[in-house]
Amino acid sequence: MNNPFFQRASEKQKETREQETANQPWIEKWRPTKLDDIVGHEETLNQMRGMIETGSMPNLLLSGPPGCGKTTSVHVLARTLLGDRYKDAVLELNASDERGIDVVRNKIKMFAQKKVTLPAGRCKIIILDEADAMTKGAQQAMRRTMEIYSATTRFALACNLSDKIIEPIQSRCAIVRFSRLSDKQVLERLVYVCEQEKVPHDARGLEAIVFCAEGDMRNALNSLQACHSGFQMVNQENVFRVCDTPHPEVIGAILQHCLNGELDDACDRLLKLRKSGYSPQDLIKTIFQVCKRFDDKEMSEYVKLEFLKIIGFFHVRISEGCASDVQLCGMVARLCGCSLEAKSGKSWSTPQKTLMEIRKEGGSIGVSGSEFQ
Ligand SMILES: Nc1ncnc2c1ncn2[C@@H]1O[C@H](COP(=O)(O)OP(=O)(O)OP(=O)(O)O)[C@@H](O)[C@H]1O
Ligand SMILES: [Mg+2]
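No gaps in the numbering here: position 146 of the sequence shown is 146 in our numbering, and each next residue is one more.
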């Protein structure tokens, strides 16, 4: 190995590897490779540690919201269980592959029949990522395959919505639920990545990323990288430019106007945001998030509950297709009304009817304003 030719070649290889990782998106570069590096999901990870200890894994169905670590965990588990046999003994199918019945008949069955020498007690693993995208027919066809090859093959299905997986498959699997990561958990990982990548940042910048990510670690890491490559410094201002989310301080001010019963000021600010390009969906989502974060001193619990109910009600309307400025101003008017009535001690009744109900009753919807009784 002292041959200068080999030395140069290995240095060149190292350089290329470094270049490749430098260009990698951080979500891949910092994808945990050990269970201990995965943040949150303590109970689930302990379950997996148990499986690694005993060396046996049941069929698994991992379900939960996007970007919380399902794919990562299942790969770490398979890698730890199978070590250097991982390449031969794992078949991974994800949404980029064909998901019809032919895949089950050909790829999955063929792999299940394949002979691979493994340490005693270990099984081959078929990872079906984004399994909720599989057709019902394909899922039906998998029922028997799962049973017939159960001595040699285990299935690990990952999905966002477990109700998209047919009951017989659910009953053949141990169901592992992943929840959204907490703000603290996302922040912890962001701080770690910032240290590793030497990203100049301030606390409010990271808080802003956490606010926009809503428990989705993939989203948080992508925003961090986008902000760093676009502006170098990760501070609040730059983060909100990258995330394209209305600034929570402006939204907070709108809610404060509503609390004071200042309808015109609240509407003016909201419409200004609309003019700058934010959609009613963007706005109502952030209004909900900011309202949730108001503390007891700023907003009493009763008013907060009523505000959230009203915002939820208008969210439904906007999602059902009535995404107009009239709806947004109507919501603000209701928030002002609620706050003023709460101050005067009268009880406030939240709107109960959804758009569908109004339609059923023959009422008009949209810009006529008739829905604001
Ligand atoms: N709990 C976590 N701890 C550390 N990093 C995480 C965690 N969850 C997600 N990540 C990061 O986010 C990226 C995406 O995670 P992953 O692919 O596991 O998400 P997922 O739950 O499978 O999402 P989807 O439902 O969209 O497939 C990972 O590459 C990793 O960098
Ligand atoms: Mg995934």
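Just so it is clear, CB atoms sit at the ideal spot from N, CA and C, and this is done for glycine as well.
Source: prediction; values computed, not measured.
### Query
So, is A174 buried or exposed, given that buried needs 16 or more other C-beta atoms within 10 angstroms?
A174 should be labelled exposed.
Can you tell me whether E130 sits near ligand 2, meaning its C-beta is under 7 Å from at least one heavy atom of the ligand?
yes
- Start and end of the beta strand (DSSP E) containing C338? Here C338 belongs to no beta strand (DSSP E); instead the alpha helix (DSSP H) covers D325 to S344.
**Request:** Could you give the DSSP three-state label for H201: helix, strand or coil?
**Result:** strand
Q. How about L181: is its Cβ closer than 7 Å to a heavy atom in ligand 1?
A. yes
Q) Which word fits V367, buried or exposed, when buried means at least 16 other C-beta atoms lie within 10 angstroms of its C-beta? A) A caution first: V367 carries a pLDDT of 39, below 50, which makes its placement in the model unreliable, though a value can still be read off. Counting Cβ neighbours within 10 Å, V367 comes out exposed, since fewer than 16 surround it.
Do the segment 150-157 and the segment 35-43 touch if we need at least three Cβ pairs shorter than 8 Å?
-> no
Practice task
Pull up the DSSP beta-bridge partners for S279, would you.
Solution key: Paired residue(s): none; S279 is not in a bridge.
Quick one: residues in its chain with C-beta nearer than 7 Å to the C-beta of L273, no 5 flanking neighbours on either side, listed in chain order? P246, V250 and L283
- prompt: Skipping 5 residues on each side, what residues in its chain have a beta carbon closer than 8 Å to that of A95?
  reply: D129, E130 and A133
- Query: Taking contact to mean at least 3 C-beta pairs separated by less than 8 Å, is the segment 310-322 in contact with the segment 226-239?
  - Reply: no
Determine the extent of the alpha helix (DSSP H) in which A112 is found, giving its start and end residues. K109 to Q113
Tell me whether F155 sits in a helix, a strand or coil according to DSSP, three-state version.
The three-state reading of DSSP puts F155 in strand, counting E and B together.
Item checked: For E320, the three-state DSSP class (helix, strand or coil) -> Coil at E320, not helix or strand.
Open item on the list: For ligand 1, I want to know if A158 counts as a neighbour, meaning its beta carbon is within less than 7 Å of at least one of the ligand's heavy atoms.
Closed with: yes
Can R99 and T145 be called in contact, C-beta distance under 8 Å? In this structure, T145 does not lie closer than 8 Å to R99 by Cβ.
Going by DSSP, name the residue or residues bridged to K124.
-> T153
Got a sec? Which residues, its chain only, sit under 7 Å from A89 by beta carbon, not counting five neighbours each side? L82, V116, L118, K124 and I125
Review point. Under the criterion of a Cβ to heavy atom distance below 7 Å, does L221 qualify as lining ligand 1?
Key: yes
Worksheet item: Quick check: the segment 196-204 against the segment 158-172, are there 3 or more CB pairs under 8 Å?
Response: Contact fails: fewer than three Cβ-Cβ distances are below 8 Å.
Is R99 near ligand 1, judged by its Cβ being under 7 Å from some heavy atom? no
Requested in this report: Give, in chain order, every unbroken run of the alpha helix (DSSP H) that is at least 4 residues long and sits entirely within the segment 246-305.
Outcome: 248-260, 263-275 and 280-293
Between which two residues does the beta strand (DSSP E) containing I175 stretch? That run of the beta strand (DSSP E) goes A174 to R177.
Should Q7 be labelled buried (16 or more other beta-carbon atoms within 10 Å of its own) or exposed?
Looking at its Cβ environment, which holds fewer than 16 other Cβ atoms inside 10 Å, Q7 is exposed.
*Rounded C-beta distance between C336 and G261? I'm assuming under 8 Å.*
5 Å between Cβ atoms; contact.
Counting C-beta neighbours from all protein chains within 10 Å, is the total for R204 16 or more, i.e. buried, or is it exposed?
exposed
(Q) For I85 and L91, what's the separation of their Cα atoms in angstroms? (A) Checking the sequence shown, residue 85 turns out to be Arg, not Ile. Using only the alpha carbons, I get a separation of about 12 Å.
Check: Helix, strand or coil: how does DSSP classify S182 here?
Finding: coil
| task | Give the straight-line distance between the Cα atoms of V104 and K285, rounded to the nearest whole angstrom. | result | 40 Å
Q.
Under 8 Å, with one C-beta from each stretch per pair, do the segment 136-143 and the segment 39-55 reach the 3-pair mark?
A. no
Note to self: Can you tell me where the beta strand (DSSP E) holding V90 begins and where it ends?
What the structure shows: V90 to L93
Practice problem: Please classify P280: is it buried, with 16 or more other beta-carbons within 10 angstroms of its beta-carbon, or exposed? | Solution: buried
Q) Where does V234 fall in DSSP's three states? A) Correct three-state label for V234: strand.
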